[in-house]
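The opening residue of the sequence shown carries number 140 in the numbering used here; numbering runs sequentially from there.
Below is one structure, written out as structure tokens; the observations come after it.
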Amino acid sequence: MTRSDLVEELAARFAQLTHRDAEYAVKTILDAMGDALVSGHRIEIRGFGSFTVNRRPPRIGRNPRSGESVQIPEKRVPHFKPGKALREAVDERTAMLDAEKQGRA
140 MTRSDLVEEL AARFAQLTHR DAEYAVKTIL DAMGDALVSG HRIEIRGFGS
190 FTVNRRPPRI GRNPRSGESV QIPEKRVPHF KPGKALREAV DERTAMLDAE
240 KQGRA
């Protein structure tokens, strides 16, 4: 699902929202989430999951073209951990889809 798909879904579910309002709502939420992560905060959405910032320590890598060693600096990267309800829903849904595929094969 892309950002525009999310806007379309929101506008379709809530008839009182114009497409422009749905787009603004999605942009506002995503911007707020990005700002929170940049500030080092943790985002927790019950039943969905949590977003945190993880630290990747510095390491030595290799340039694939020359094989030369390269120092890779420390990085901070966003990380998503799904909540229990989301994990179970995905597992249940994929199990049903797999069972349907088995029945057709």
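Each residue gets a CB set at the ideal place from its N, CA and C atoms; glycine is no exception.
Since the structure is predicted, the reported quantities are computational estimates derived from the model, not experimental observations.
For residue i, which beta-bridge partners are listed by DSSP?
{"i": "HIS158", "result": "Looking at the DSSP assignment, HIS158 forms no beta bridge with any residue, so it has no partner."}
Skipping 5 residues on each side, what residues in its chain have a beta carbon closer than 8 angstroms to that of residue i?
{"i": "ILE211", "result": "PRO197, ARG198, ILE199 and GLY200"}
{"i": "THR157", "result": "ALA150"}
If you count every other CB in all the chains shown that lies within 10 Å of the CB of residue i, and 16 or more means buried, which is it?
{"i": "VAL267", "result": "The displayed coordinates of the chain run from 140 to 244. Any statement about residue 267 would go beyond what the structure contains."}
{"i": "VAL146", "result": "buried"}
{"i": "ALA161", "result": "buried"}
Identify, in the order they occur along the chain, each residue of the same chain with its Cβ nearer than 6 angstroms to the Cβ of residue i, setting aside the five sequence neighbours on each side.
{"i": "LYS220", "result": "GLY188 and SER189"}
{"i": "ASP193", "result": "First, the residue type needs correcting, since residue 193 is Asn and not Asp in the sequence shown. These residues qualify, in order along the chain: VAL216 and HIS218."}
Can you give me the C-alpha to C-alpha distance between residue i and residue j, rounded to a whole angstrom?
{"i": "GLU148", "j": "GLU239", "result": "26 angstroms"}
{"i": "PRO203", "j": "VAL216", "result": "23 angstroms"}
{"i": "ARG142", "j": "GLU183", "result": "20 angstroms"}
{"i": "ASP237", "j": "GLY206", "result": "43 angstroms"}
{"i": "ASP174", "j": "THR191", "result": "12 angstroms"}
{"i": "VAL209", "j": "GLY179", "result": "28 angstroms"}
{"i": "LYS166", "j": "MET172", "result": "10 angstroms"}
{"i": "LEU225", "j": "MET235", "result": "15 angstroms"}
{"i": "ASP144", "j": "ILE168", "result": "15 angstroms"}
Among residues of its own chain, excluding the 5 on either side of residue i, which ones have a beta-carbon nearer than 7 angstroms to its beta-carbon?
{"i": "LYS214", "result": "ARG195"}
Jot down the residue ranges of each uninterrupted beta strand (DSSP E) in the stretch 162-224, minimum 3 residues, whole runs only, in chain order. 182-184, 188-195, 198-201, 208-211 and 214-221
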